[in-house]
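What the sequence shown shows, in the numbering used here, is residues 1 to 223, in sequence order. Structure first, commentary second.
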Amino acid sequence: WTCSGRTNTELIQNLKHSALFLDHRVEAGMLACDRKNYCPSQPYEDAPQPIGFGATISAPHMHAMCLEALISQLYPGARALDVGSGSGYLAACMASVVGPSGKVVGIDHVQELVEESRKNVAKDGKQSLLDSGNLVLVRGDGRLGLPQHGPYDAIHVGAAAPTLPPALVEQLRPRGRLIIPVGVHSQELLQVDKAEDGRVTCKSLTGVRYIPLTDLSTQIGRG
Numbered sequence: 001w002t003c004s005g006r007t008n009t010e011l012i013q014n015l016k017h018s019a020l021f022l023d024h025r026v027e028a029g030m031l032a033c034d035r036k037n038y039c040p041s042q043p044y045e046d047a048p049q050p051i052g053f054g055a056t057i058s059a060p061h062m063h064a065m066c067l068e069a070l071i072s073q074l075y076p077g078a079r080a081l082d083v084g085s086g087s088g089y090l091a092a093c094m095a096s097v098v099g100p101s102g103k104v105v106g107i108d109h110v111q112e113l114v115e116e117s118r119k120n121v122a123k124d125g126k127q128s129l130l131d132s133g134n135l136v137l138v139r140g141d142g143r144l145g146l147p148q149h150g151p152y153d154a155i156h157v158g159a160a161a162p163t164l165p166p167a168l169v170e171q172l173r174p175r176g177r178l179i180i181p182v183g184v185h186s187q188e189l190l191q192v193d194k195a196e197d198g199r200v201t202c203k204s205l206t207g208v209r210y211i212p213l214t215d216l217s218t219q220i221g222r223g
């Protein structure tokens, strides 16, 4: 996709015109969070950008696709988890969508990125999300989830796991959904749904190319 723009609004309108999302709440959530406050260079380019420590902020079209895939679970008052929250951008978008009665937890194992993400959210004029607890950004191994804040209606993973992490599936609420890239040499974006009775189904949405979801020392070595 070539949806790059000169401004945040133009970028999101280009994503909309390319039908990367259909739900107006995805548009509202992305318009509410200006990427320039989360991305150190070329924020409106439709391509992933490095943010340091071996991490990237995903391309805007991938953020749009993932939000669209999760939007039915991101209802007002929902609880969501963003694994590999990095810059804090997608977690802030999700918090804008679920509203003041919801809660979004972003987890990243690089302490410096967690601290930077909090600064990014404040720079974006959303310190109140952090102060109220509607948005929580913490350090930890996202592959294990964060059960103390769960169960979750929606879980997003921003790096490719070699296999589906069982802890994340376990922390899904019944009728919850997990969006995660899975694979090593060949990756696919999986939609994992948990039924009311606990039955889990997986569906491949598209082929993707993400950085790997790894331990901290491996990631820092990449950076």
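Ideal Cβ positions, reconstructed from N, Cα and C, are used throughout, including at glycine.
With 16 as the cutoff for other CB atoms within 10 Å, does residue 184 come out buried or exposed? exposed
For the beta strand (DSSP E) containing residue 118, name the first residue and the last one. Segment 111-123 is the alpha helix (DSSP H) holding residue 118; no beta strand (DSSP E) there.
Could you give the distance in angstroms between the alpha-carbon of residue 139 and the alpha-carbon of residue 22? 33 Å
Within 8 Å, strictly: CB atoms of residue 103 and residue 118: no
Residues that DSSP places opposite residue 193 in a beta bridge: 177 and 201
At 3 residues or longer, and completely inside the region 119-171: list those beta strand (DSSP E) runs for me, N to C. 135-139 and 152-157
Residue ranges of each alpha helix (DSSP H) run of no fewer than 4 residues wholly in the region 60-88, ordered along the chain? 60-70
Residue 206 bridges to which residues according to DSSP? 189
Looking only at its own chain, which residues have a Cβ that is under 7 Å from the Cβ of residue 71, when we skip the five neighbours before and after it? 23, 25 and 26
Rounding to the nearest angstrom, what Cα-Cα distance links residue 223 and residue 62 in this structure? Low per-residue confidence applies at residue 223: pLDDT is 49, beneath 50, and the placement is therefore not dependable, though the value from the model is reported in the following sentence. Cα to Cα, the separation comes out at about 22 Å.
Applying the criterion that 16 or more other CB atoms from any shown protein chain within 10 Å of the CB defines a buried residue, is residue 153 buried or exposed? buried
Starting from the N-terminal side, write out each stretch of the alpha helix (DSSP H) that is 4 residues or longer and does not extend beyond the region 21-55. 24-31
Residue 144 versus residue 204 - alpha carbon distance: 22 Å
Between which two residues does the alpha helix (DSSP H) carrying residue 12 extend? 8-17
Would you check if there are 3 or more beta carbon pairs closer than 8 Å linking the region 126-133 to the region 156-172? no
What does a CB cutoff of less than 6 Å around residue 201 pick up in its chain, not counting 5 residues either side in sequence? 193
Return yes when the Cβ of residue 74 is within less than 8 Å of the Cβ of residue 107, no when it is not. no
Local Cβ density within 10 Å of residue 17, reported as buried at 16 or more and exposed below that: exposed
Report the option in 46, 167 and 96 whose CA atom is closest to the CA atom of residue 178. 167
Using the three-state DSSP reduction, which class does residue 184 fall into: helix, strand or coil? coil
Give me the DSSP bridge partner(s) of residue 212. 160
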